[in-house]
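*Asks:* One structure, pasted below without further comment.
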Amino acid sequence: MCVSARSETATPPAAVSDTSASGSIKRYYDNAGLGRQDGDAIDQLNAFMTKQAHKVWSPDNEDYKVYEMVRQGHVVFKRRCMPLLYFYWATILVGLLRAPSLLFLAGALASTYFYMELYSAVLHIVLDNPAFIKVPGLDQPVFEFLAHHILPVEIAQRRYRDICGDLNVIVGLIFAINLLLFDWMKDGRVMCVVAAGGAMAYLGQFAHRQAHMPPSKVSPFARALQDAGLLVSPHLHRAHHRTYDRGFAILGGWSEGLITTLYHHVVPSQYVWLALFAVMTVFGLAGVVKIYIPAYDAFVAFVQ
Numbered sequence: 001m002c003v004s005a006r007s008e009t010a011t012p013p014a015a016v017s018d019t020s021a022s023g024s025i026k027r028y029y030d031n032a033g034l035g036r037q038d039g040d041a042i043d044q045l046n047a048f049m050t051k052q053a054h055k056v057w058s059p060d061n062e063d064y065k066v067y068e069m070v071r072q073g074h075v076v077f078k079r080r081c082m083p084l085l086y087f088y089w090a091t092i093l094v095g096l097l098r099a100p101s102l103l104f105l106a107g108a109l110a111s112t113y114f115y116m117e118l119y120s121a122v123l124h125i126v127l128d129n130p131a132f133i134k135v136p137g138l139d140q141p142v143f144e145f146l147a148h149h150i151l152p153v154e155i156a157q158r159r160y161r162d163i164c165g166d167l168n169v170i171v172g173l174i175f176a177i178n179l180l181l182f183d184w185m186k187d188g189r190v191m192c193v194v195a196a197g198g199a200m201a202y203l204g205q206f207a208h209r210q211a212h213m214p215p216s217k218v219s220p221f222a223r224a225l226q227d228a229g230l231l232v233s234p235h236l237h238r239a240h241h242r243t244y245d246r247g248f249a250i251l252g253g254w255s256e257g258l259i260t261t262l263y264h265h266v267v268p269s270q271y272v273w274l275a276l277f278a279v280m281t282v283f284g285l286a287g288v289v290k291i292y293i294p295a296y297d298a299f300v301a302f303v304q
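Residue numbers for the sequence shown follow the UniProt record's numbering, beginning at 1 and rising by one.
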């Protein structure tokens, strides 16, 4: 959650340009003068955003809301609870190990991969929308997504575990919902599917981070998956950062055509996307459980 905005007035400098020499809004795709980052870059990234916030005073600037919140004391990049993240990771590992067979595990991973591709796109559409920055519970995530547009390099500068920590709240919420719906700690198959969904969420963070890495820094594993079309390509994700109206999927990117068509021509209402995000957050992974397990049983019965 965001810290409540403090009442604060400040006098803007007499002459500060909000734009680059070319007249376009500044976007920091390279290291933005941050220098080499070998560890915790959060303080330096926040200092950079604070410095930039005191250069942008025009309400006409598309990033004005973000910079105004920074000036009011909101923190963009936060340190998350790492023990909680490690608990989630351990829970996921246990859940995957409870798969009754390798075939069941492979199907669970494939099913949740396809679901998380779609969910990541819907989430991205909602959290990219500045109109939702005042929605309780979405304020900090929207703030962070909009700040990521200003400073795309931040996701490559921060450590992978810090990026995964950004999901602590939503992963905990989805795990809790499915625990209430299924009591999945007692059912190994359900726990495996839920754990696979969690694993795909963190794979999405890996995919997004690798899409922002300089080519020389992309891991061989990530490059192989990008080339195979299993992780979103840097080319597709750069297209999102050029226009913000396409390239919303941040896991594999294969849903680009479908999501972009829906976004532009079928579901133009931002509130429909918000409602869809809420429904998928609460019931989406549960729906995968309800569909996948009977489908798996039917497949096994058919081939036997």
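For each residue, glycine too, the CB sits at the ideal point set by N, CA and C.
1) Report, in whole angstroms, the separation of the C-beta atoms of W273 and I125, which I expect to be a contact under 8 Å.
2) Alpha carbon to alpha carbon, how far is K55 from T112? Give it in angstroms, no decimals.
3) Anyone know if the C-beta pair for H237 and A211 falls short of 8 Å?
4) In this structure, how does DSSP classify E62 when only helix, strand and coil are distinguished?
5) Please go through the same chain and pick out, in chain order, the residues whose beta-carbon is closer than 7 Å to the beta-carbon of P141, but skip the five residues on each side of it.
6) Which of the three DSSP states, helix, strand or coil, is assigned to T281?
7) Roughly how many whole angstroms lie between the Cα atoms of A222 and R159?
8) Please state the DSSP three-state secondary structure of A286.
9) Quick one: grab the DSSP three-state call for F77.
10) Hey, how far is the Cα of G247 from the Cα of S255?
11) Apart from the five residues just before and just after T260, which ones in its own chain have a Cβ nearer than 7 Å to its Cβ?
12) With three or more beta-carbon pairs closer than 8 Å as the criterion, would you say the segment 282-301 touches the segment 171-191?
13) Pull up the distance between the alpha-carbon of I177 and that of V70, whole angstroms please.
14) Whole angstroms are fine: how far does the CA of A196 sit from the CA of A224?
15) Among A121, D166, F104, which has the Cα closest to the Cα of M191?
16) Does the Cβ-Cβ distance between G107 and Y292 come in under 8 Å?
17) Verify whether the separation of the beta carbon atoms of E144 and L45 is less than 8 Å.
18) When you compare each of F182, M185, Y244, S233 to F206 by their alpha carbons, which one comes out closest?
19) Would you kindly work out how many angstroms separate the C-alpha atoms of V303 and L167, rounded to a whole number?
20) Out of V267, D227, V288, state which residue places its alpha-carbon closest to the alpha-carbon of R189.
21) Can you check whether the CB of K78 is closer than 8 Å to the CB of I133?
22) Is DSSP giving S7 helix, strand or coil here?
23) Ignoring anything shorter than 4 residues, give me the alpha helix (DSSP H) runs that lie fully in the segment 160-222, in order along the chain.
*Replies:* The short version:
1) 5 Å
2) 44 Å
3) yes
4) coil
5) L127
6) helix
7) 16 Å
8) helix
9) coil
10) 9 Å
11) R246
12) yes
13) 33 Å
14) 21 Å
15) F104
16) yes
17) no
18) S233
19) 39 Å
20) V288
21) no
22) Low per-residue confidence applies at S7: pLDDT is 33, beneath 50, and the placement is therefore not dependable, though the value from the model is reported in the following sentence. Of the three classes helix, strand and coil, the one that applies to S7 here is coil, per DSSP.
23) 160-165, 168-182, 188-212
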